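One structure below.
In the UniProt record's numbering, the protein residues as written are 1 to 564.
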């Protein structure tokens with residue numbers, strides 16, 4: 001693979017977000033012993049990102065449909081206090097066993113449940129963040145990030161802008177998506193209190209006695225429907241366009257009725273009805289919850305350069321830096337934080353970073369901007385385990401920006417993106433991007449690549465691709481040039497590497513969670529896989545006995561396990 005030697009090592013780094021990924025990045029930057037300043041900007045009052053339970057008042061008023069990637073349910077204006085609403089709900093538990101969810105350098109407490117509750121995860125993150133908590137500037141909102149050449153000095157009372165690298169760790173659960181299904185707008189106008197997004201869900205008691213339809217069968221759709229079933233009319237309806245990777249084997253539970261994708265909302269009459277793909281009409285719903293995910297959104301990444309110079313000359317990565325133009329405290333004292341010097345206009349590489357909102361463009365290996373490699377956007381992927389993925393991407397970033405790893409050439413990175421598009425297209429894993437105004441299929445203005453208008457699904461991994469990603473990143477970081485002062489005999493701080501049992505465990509989350517849930521309230525006393533019962537205590541060994549050596553080797557090879 002062609003590479004280019006690292007340019008002048010980065011010395012000053014800004015991390016946007018003190019959630020799980022931002023904190024992990026900061027810890028790996030510190031361990032690299034190469035950066036003079038690491039600033040973490042967090043708009044909330046404390047660390048943890050989405051693991052902070054918040055009110056959801058604004059999320060109750062999400063427009064229907066909601067196809068705008070720039071829509072926001074958080075922020076500050078004259079009528080509302082500062083608030084950034086979380087998608088958490090009261091009784092949320094993880095769907096990942098704590099042994100695989102944890103960072104490499106801090107295990108979850110032995111006395112915690114096998115699947116920790118959201119408040120337990122927040123306390124874990126607070127403990128994990130302690131070594132870098134002094135670097136966090138709380139209640140500080142980044143309002144603008146621009147790509148600038150090293151000839152432009154951007155002044156700010158908070159940051160020296162020279163040679164700044166930026167990690168965008170703002171999370172991807174801010175801008176909700178409610179698709180434009182035929183009839184949905186008219187249905188919502190006639191029945192304005194029926195349709196909602198899962199971001200507005202908080203507790204099952206709110207749906208006592210109601211007939212409920214949940215649309216979407218990923219993690220939140222499955223979990224919310226299961227919670228609601230304890231209070232609502234049974235069955236709870238669950239609509240989806242495909243089988244869920246997260247569903248346990250053996251079919252759906254008796255309290256749930258699975259229906260195909262919803263193709264029409266029926267606004268005439270008073271039946272509050274929908275029509276599914278098989279032509280069946282389902283009626284009488286009191287609540288319809290869209291668990292249809294979120295858009296990628298970076299409101300602070302400037303889409304229009306400032307200034308008056310009309311030069312269209314591109315800036316090469318070796319001549320560039322990605323900089324914070326201004327950082328705003330979330331109080332009213334902003335005067336000393338405004339940019340002090342004018343900007344020169346140039347080609348803006350962020351203009352089409354997000355188009356439909358279903359994908360982030362121009363990112364190598366799903367986390368490094370190809371034109372401005374001083375901009376990182378980690379943990380874009382879906383169907384992954386975010387904490388270990390974030391720390392492994394952080395380990396690579398620390399080495400790239402310190403100069404211990406060389407960066408692939410721009411051509412190599414572009415080839416990777418195009419090859420990934422073609423691979424996913426051939427596997428029918430890319431979905432057509434909707435127009436952000438109408439919801440209809442859009443004709444993209446991106447460069448012609450055969451996949452330009454197919455954006456949904458680009459960042460979605462299918463097991464064991466997520467295992468391969470974690471192990472590949474680990475090996476990439478471990479291959480860096482050694483530095484005598486660093487731990488691990490100069491290799492430096494490393495993240496997570498999955499072995500055979502980890503890969504096996506990853507593939508069985510749904511069945512493990514189903515077995516765990518069957519214990520009711522007693523499940524909170526189950527603190528390990530072994531405590532779940534003999535079936536799981538001996539599960540891996542039994543699987544090894546029952547699975548051929550060839551099939552085992554094929555799985556572990558696909559998962560990137562060492563020595564396969």
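Don't be surprised by glycine CBs; every beta carbon is placed ideally from N, CA and C. All values derive from a computational prediction rather than experimental measurement.
- The beta carbon of residue 135 lies closer than 7 Å to those of 26, 38, 39, 40 in the same chain, with the five residues before and after it left out.
- Between residue 529 and residue 512, the beta carbon gap of about 7 Å places them in contact (Cβ cut-off 8 Å).
- In the displayed model, residue 467 falls within a helix according to three-state DSSP.
- Exclusion of the five residues before and after residue 232 leaves 207, 210, 212 as the residues of its chain whose Cβ lies within less than 6 Å of its Cβ.
- Of all C-beta pairs linking the region 106 to 123 to the region 515 to 533, three or more are shorter than 8 Å, placing the two stretches in contact.
- The beta carbon of residue 195 lies closer than 6 Å to those of 64, 188, 288 in the same chain, with the five residues before and after it left out.
- The secondary-structure analysis by DSSP pairs residue 273 across a beta bridge with 266.
- Straight across, the Cα-Cα distance linking residue 490 with residue 482 is about 5 Å.
- The region 171 to 249 is shown to contain whole beta strand (DSSP E) runs of 3 or more residues at 195 to 197, 212 to 215, 236 to 239, in chain order.
- In the structure shown, residue 496 adopts coil according to DSSP, grouped into three states.
- A residue is called buried once 16 or more other Cβ atoms fall within 10 Å of its Cβ, and residue 519, having fewer, is exposed.
- Residue 60 sits in a helix when the DSSP states are folded into three classes.
- Boundaries for residue 562: no alpha helix (DSSP H) harbours it, and the DSSP string shows neither H nor E there.
- Assigned with DSSP and collapsed to three states, residue 110 falls in coil, not helix or strand.
- In the structure shown, residue 361 adopts coil according to DSSP, grouped into three states.
- Going by C-alpha positions, residue 200 is about 14 Å away from residue 72.
- When DSSP reads this structure, residue 368 sits in a beta bridge with 364, 376.
- Selection 24, 91, 97 evaluated against residue 527 yields 97 as nearest (Cα-Cα).
- Bounds of the beta strand (DSSP E) holding residue 456 are 454 to 456.
- In the DSSP assignment, residue 409 falls outside any beta strand (DSSP E), carrying neither H nor E.
- Each residue's CA atom was taken as its position, placing residue 48 and residue 85 some 13 Å apart.
- DSSP, read as helix, strand or coil, puts residue 35 in coil.
- Apart from the 5 residues on each side of it in sequence, residue 255 sits with its Cβ closer than 6 Å to the Cβ of 229, 234, 235 in its chain, given in chain order.
- Exclusion of the five residues before and after residue 132 leaves 23, 26, 27, 30, 38, 40 as the residues of its chain whose Cβ lies within less than 8 Å of its Cβ.
- In terms of Cβ geometry, residue 21 and residue 390 form a close pair [threshold 8 Å].
- In the three-state reduction of the DSSP assignment, residue 261 falls in the coil class.
- With a cut-off of 8 Å on Cβ pairs, the region 173 to 185 is in contact with the region 252 to 271, counting three or more such pairs.
- Taking the Cα of residue 165 as reference, the smallest distance to any Cα among 14, 368, 35, 432 is reached at 14.
- The beta carbons of residue 291 and residue 281 sit no closer together than 8 Å.
- With a threshold of 16 other beta carbon atoms within 10 Å, residue 197 meets it and is buried.
- The region 50 to 70 makes no contact with the region 93 to 107: fewer than 3 CB pairs, one atom from each, lie closer than 8 Å.
- The Cβ atoms of residue 456 and residue 430 lie closer than 8 Å to each other.
- A contact between stretches requires three or more CB pairs, one per stretch, nearer than 8 Å, and the region 378 to 388 fails this requirement with the region 414 to 431.
- Residues 211, 271, 272 of the same chain have their beta carbon placed closer than 7 Å to that of residue 284, with the five preceding and five following residues left out of the count.
- Per DSSP, the continuous alpha helix (DSSP H) segment holding residue 541 begins and ends at 539 to 546.
- If you look at residue 167, you'll find it isn't in any alpha helix (DSSP H); it sits in the beta strand (DSSP E) that goes 164 to 168.
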